[in-house]
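Visitor:
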Amino acid sequence: MRIAVVGAGVVGTAVAWELTARGHEAVLLDRCDAVAQETSYANGAQLHAGHAAPWNPPGVLRDALAWLGKPDSPLRINPWRVLRAPAWSLRFLANATAERYRRHADANAALALYGLHHARAWRDELGLAFEAHDSGILKLFDDSRALAKGREEAKAVSALGVRHRQLDVDATVAREPALADSADQLAGAIEFPDDGYGDALRFTEQLAERLRAEGGELHLGTAVRHLLGGRGGVTGVATDSGPIPADAVVVAAGSYSPALTRPLGVHLPIEPIKGYSVSLPLAGTVGAPTTPIIDDPRKVVITRLGDQLRIAGKAEITGFDERLPERRWRAVRQQGLARFPRLAEQLADAPSHPWAGLRPMTCDGPPILGPTPVPRLHLAAGVGHLGWTFAAGSARLVADQLESRPCEIDPAPYRLDRYRRRGG
Ligand SMILES: Cc1cc2nc3c(=O)[nH]c(=O)nc-3n(C[C@H](O)[C@H](O)[C@H](O)COP(=O)(O)OP(=O)(O)OC[C@H]3O[C@@H](n4cnc5c(N)ncnc54)[C@H](O)[C@@H]3O)c2cc1C
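FYI, this note's numbering numbers position 112 of the sequence shown as 123, with every residue one higher than the one before it.
1) Can you list the beta strand (DSSP E) stretches of 3 or more residues lying completely in the region 38–119, in chain order?
2) With DSSP as the reference, identify every bridge partner of L320, one or two as the case may be.
3) Would you kindly work out how many angstroms separate the C-alpha atoms of N54 and V385, rounded to a whole number?
4) Do you know how far the Cα of F401 is from the Cα of G347?
5) Distance check for F351 and P365, CA to CA, integer angstroms please.
6) Please state the DSSP three-state secondary structure of K325.
7) So D210 and Q57 are supposed to be a Cβ contact under 8 Å. How far apart are they, rounded?
8) On the CB-based measure, 16 or more other CB atoms within 10 Å of its CB, does F214 come out buried or exposed?
9) Check each candidate in G34, V17, L39, V21 and name the one with the smallest Cα separation from L229.
10) Look up E220 in the DSSP assignment and say whether it is helix, strand or coil.
11) Fully enclosed by the region 204–256, which beta strand (DSSP E) runs are 3 residues long or longer?
12) Roughly how many whole angstroms lie between the Cα atoms of L413 and H389?
13) I'd like to know if the region 27–43 and the region 217–227 are in contact, where contact means that at least 3 CB-CB pairs between them fall below 8 Å.
14) Which residues in the same chain as L231 place their Cβ atom closer than 6 Å to its Cβ, once the five residues preceding and following it in sequence are excluded?
15) Is Y52 near ligand 1, judged by its Cβ being under 8 Å from some heavy atom?
16) Leaving out the 5 sequence neighbours to the left and right, which residues in its chain are closer than 8 Å to D318 when beta-carbon positions are compared?
17) Look at V17 and V277 and say whether their C-beta atoms are less than 9 Å apart.
18) For V184, verify whether its CB is less than 8 Å away from any heavy atom of ligand 1.
19) Should Q357 be counted as a contact of ligand 1 given a C-beta to heavy atom distance under 8 Å?
20) What are the partner residues of W28, as DSSP defines its beta bridges?
21) For A257, count neighbouring Cβ atoms within 10 angstroms of its own Cβ and tell me buried if that reaches 16, exposed if not.
22) Within its chain, find whatever has a CB closer than 7 Å to the CB of H129; leave out the 5 residues flanking it on each side and keep chain order.
23) Is any heavy atom of ligand 1 found at a distance shorter than 8 Å from the C-beta of Q48?
24) Cβ atoms of R95 and R339: under 9 Å apart, would you say?
This is the structure we're talking about:
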């Protein structure tokens, strides 16, 4: 089959690669002049099945209200955005019940495990070099109640195969000596030994190179204006350099996916949730962590990627706003370095490389993968805060459903028709 894939972020590129590897004619399109220039460019780099739960646990509204207005709050909401598009926010809150949250957290964990497995298989089989390390991840807690809650959350997904280990303060510092200077803040940590990290940009670039080498087509600097065909079936895509016919189309356009599918009556409950990262050069410094860290109270992740430190965090419901206010990214930088005072001193004058990206977040949590009511139109969208972790697994689920083959994990929790079947 000749299959057009719209969007060369980490997800679309993984889909196009998987289709090429299966012998299809994949045509990967992106409006940017290179792959992974939007949300996949400088994310937190963590590959984590241990931290896969959606962002709407029971009590999310109470937590959100408590955060609003605080100067270093991880959350920012533009009320005008919510008023202009209230449906997503209402559905996000409606999914914050204990039963739905558990179901969606399990679905995310299953896909994260599947994605991790296949990303590592591609790394090993294709010889991809993207700073990938199966290092495990440490999630840090400053008070024992939050730690106990984190442990409950970790236990809930252990039946799916997500392993974890609780560490007291001494064991946490023994595991990551860079935390020694701030050990007095800590209540302990949970270690997820099977998680890891890697650079999503380099992964995507290398996969795109392999795609080209295997005969896949890559059209960069090519914006898709609309999908060709109608509700009776898609026939390709209309681009700013002309039409591209295809037997099927996969929309993997991140936060911009809903705009492409809406004219065909396919409504995707996806909202852009903005986040920031700051990359700092580590050359000549000592005391940087080597294990990726999730700082639970500060809501930032910290990952060493070769000779740089990547700190990422914040969640803003501010629409398609890609601005990079210095106050916001500086807060991410400061919160990421807070546990490493000696490193912070050494980095005081180091250049910061700030970045912002829009996480394509569904109203319930899991992504939307697979067919739509429009024949030959498929989706690889809504991967939210976990798109890097989900990418390879999502690619396989999308390809299996395009080929009408049985999937290796149950595709139902990720299909668009879940919203019709179950509401939400
Ligand atoms: C601060 C931050 C930290 C994060 N940390 C992590 C992490 O540690 N681990 C993790 O697993 N995930 C993380 N994520 C999430 C992850 O980065 C995203 O889920 C993932 O990058 C989304 O990939 P995507 O391919 O769906 O979207 P994108 O990377 O945005 O790709 C979509 C592509 O579609 C193209 N496009 C859109 N419209 C059109 C059009 N009309 N025509 C042509 N091209 C079009 C865009 O140019 C873009 O390249 C983080 C995200 C952020 C913001």
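Idealized CB from N, CA, C, for every residue including glycine.
Guide: According to the data block:
1) 86–88
2) L291, R315
3) Spanning the two alpha carbons is a distance of roughly 32 Å.
4) Each residue's CA atom was taken as its position, placing G347 and F401 some 24 Å apart.
5) 19 Å
6) strand
7) Rounded to whole angstroms, the Cβ separation of D210 and Q57 is 11 Å, and the two are not in contact under 8 Å.
8) buried
9) L39
10) helix
11) 228–230, 235–241, 244–250, 253–256
12) 8 Å
13) In short, these stretches touch, since the Cβ pair count reaches three.
14) D41, D44
15) yes
16) Contacts found: P292, L293, A294.
17) no
18) no
19) no
20) As computed with DSSP, W28 is found in no beta bridge at all.
21) buried
22) A403, G404, R407
23) yes
24) no
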